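Data block below; observations after.
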């Protein structure tokens, strides 16, 4: 018999472990906070696994030609995904399917998805075949520094041709994943990146001795199939999504998706182009692509928290902004603005605090994570400088992800496309001049400047369109977080001076001690200045 609760007696809260397990239920419908919590936990674990993968590459190949070739080989597949499917299948589909569902036209939505998936698989498949043929031309043009090393160029072409299969699985998985996101089910979204990263690692472990760095490319493709594609396909099927291949160029859903996606396809966002620009210049310095990529991977571990928050918030923001896509009916712009501002304020405050730790502890963190094998202390020291420079812009990368999704939730992909393209073009001289003046470290600094311009541009545009008011950002909390970050950074630098780390054990002890000091000093500073951030986060977590 089910347990009954006497009248007037409140049920005791479920144990923490039971609440945690409930979050992982595939059929669990999440709130914005629990979805963000789940995806942040998943992203954190995925990034840990991703760092194991990067560490494995660095251990075997260091900053050598094979590592440069492998890291650069992702560029052409990424470009195809970006320009042919907008690099945002889930973003556009979530917005579109939310409208179908809220207007009671789910069957029409399922048919539209079958038509879109069939059409785009044909287009994408044709583009990949052409890319397989023209890969050598692309590598020579966009990674021109590889011309100095014909063996590196040939290896990069070979790896590129293997990785070109991955966009098929990412796009298909994005379509199926949108079905789950619309139902506010995020478990598969949380797990699939883990499978993807594990695929790369297992490919290397099983095949590296026999086929070298090609094993990583093969593992990456297998991981893309098993994680982003297969898991999402199974989840969508369980929710009633049945894919039936169908070509219908007159389908209204196809027209709507193309209309939303074309701006994403035609425009260039600095968020994506940053890596392409960096690789172009860095290809002229042996090992620079690898070191900058490793630093960016380590840096983007916390950046992904902001991306997870953006992914989790998208269906909720889409519902808030308007259930009717053609009129203002059901639209609560004030609530939409408050939701975006609240999310941006929290992620900015936390990111500023985390940046203090990352910059202060860059050297021991990089040394502990990456040094080993053919990746030497000198390599770690150079990479630590890149990592520290990237870390300055942590809060900006996190915030822009939320601002961009505010536009997408409103069904507006044209404005961020135009803005992103202009920002990218205007940033090119910055990359060129800083690279000429300072070499690879100048590229990291240029990346910071570019993303600053991108974030400010999106914020101003949202404000001018009366969608999200910058006046409602929690400036008091942001100033308190900045003060706490400055104080904690000073404390960590003082700790590093008093407790110099030489050797792996002492570096680990320093990182552990630094984390405790950072938490204590930042927490005390926030408390003394009257910040509500810690209490808000704890209260929300306990309620969930």
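Residue numbers (the numbering used here): 75 to 618. Cβ coordinates follow ideal geometry from the N, Cα and C atoms, glycine included. These numbers were taken from a predicted model, which means no experiment stands behind them.
Check	Outcome
Does the stretch 256-271 come close enough to the stretch 294-307 that 3 or more CB-CB pairs lie under 8 angstroms?	yes
For residue 555, which residues in the same chain have their Cβ closer than 8 angstroms to its Cβ, ignoring the five residues on either side in sequence?	422, 423, 424, 426, 427, 600, 605 and 607
Kindly indicate which residue of 229, 325 and 430 has the alpha-carbon position closest to the one of residue 376.	430
Using 8 angstroms for Cβ pairs, my map puts residue 132 next to residue 444. What's the rounded Cβ distance?	5 angstroms
Report yes if the C-beta distance between residue 353 and residue 149 is below 8 angstroms; otherwise report no.	yes
Taking C-alpha atoms, which residue in 252, 192 and 125 lies nearest to residue 169?	252
Kindly indicate which three-state DSSP category residue 568 falls into: helix, strand or coil?	helix
Could you give the first and the last residue of the continuous alpha helix (DSSP H) run that contains residue 306?	306-312
Looking only at its chain, what residues have a beta carbon closer than 7 angstroms to the beta carbon of residue 205, apart from the 5 residues adjacent to it on each side?	150, 154 and 238
Ends of the alpha helix (DSSP H) at residue 457?	451-465
Less than 7 angstroms between C-beta atoms, sequence neighbours within five positions excluded: which residues of the same chain meet that for residue 337?	487, 488 and 491
Kindly indicate which three-state DSSP category residue 446 falls into: helix, strand or coil?	strand
Is it right to say residue 571 is buried, meaning 16 or more other beta carbons lie within 10 angstroms of its own, or is it exposed?	exposed
Whole angstroms is fine: what's the gap from residue 495's alpha carbon to residue 240's?	25 angstroms
In the DSSP assignment, find the unbroken alpha helix (DSSP H) run with residue 218 in it and report its ends.	Run containing residue 218: none; DSSP gives neither H nor E here.
Counting C-beta neighbours from all protein chains within 10 Å, is the total for residue 469 16 or more, i.e. buried, or is it exposed?	buried
Please report the distance separating the alpha-carbon of residue 213 from that of residue 558.	46 angstroms
Would you please state the rounded distance, in angstroms, between the beta carbons of residue 236 and residue 307? I believe it to be under 8 angstroms.	Between residue 307 and residue 236 the Cβ distance is about 22 angstroms, and since that is not below 8 angstroms, they are no contact.
Which residue wins for smallest C-alpha separation from residue 309, given the options 339, 275 and 247?	247
Take residue 363 as the anchor and find which of 592, 609, 517 and 166 has the nearest alpha-carbon.	517
Measure the C-alpha to C-alpha separation of residue 541 and residue 190 and round it to an integer number of angstroms.	30 angstroms
Residues in its own chain within less than 6 angstroms of residue 367 by CB, not counting five upstream and five downstream?	145
When DSSP labels each residue in this structure, what does residue 609 get in the three-state scheme?	helix
Look up residue 574 in the DSSP assignment and say whether it is helix, strand or coil.	coil
When DSSP labels each residue in this structure, what does residue 538 get in the three-state scheme?	helix
Quick one: using the 10 Å Cβ neighbour count with 16 as the cut-off for buried, is residue 503 buried or exposed?	exposed
Under a three-way DSSP split, which group does residue 548 fall into?	coil
Between which two residues does the alpha helix (DSSP H) carrying residue 301 extend?	Element bounds for residue 301: n/a, residue is neither H nor E.
Which residues bound the alpha helix (DSSP H) around residue 42?	Any question about residue 42 goes unanswered here, given that the chain covers just 75 to 618.
In three-state DSSP terms, what is residue 136?	coil
For residue 317, which of helix, strand or coil comes out of DSSP?	coil
Considering Cα atoms alone, identify which of 261, 567, 269 and 476 is closest to residue 530.	476
As a quick exercise: from 454, 440, 409 and 135, pick the residue whose alpha carbon is nearest that of residue 484.	409
Anyone know if the C-beta pair for residue 249 and residue 167 falls short of 8 angstroms?	yes
By the 10 Å Cβ neighbour count, where 16 or more other Cβ atoms means buried, how is residue 419 classified, buried or exposed?	buried
Could you check whether the Cβ of residue 498 sits closer than 8 angstroms to any Cβ belonging to chain B?	You won't find chain B in this structure, because it holds only one protein chain.
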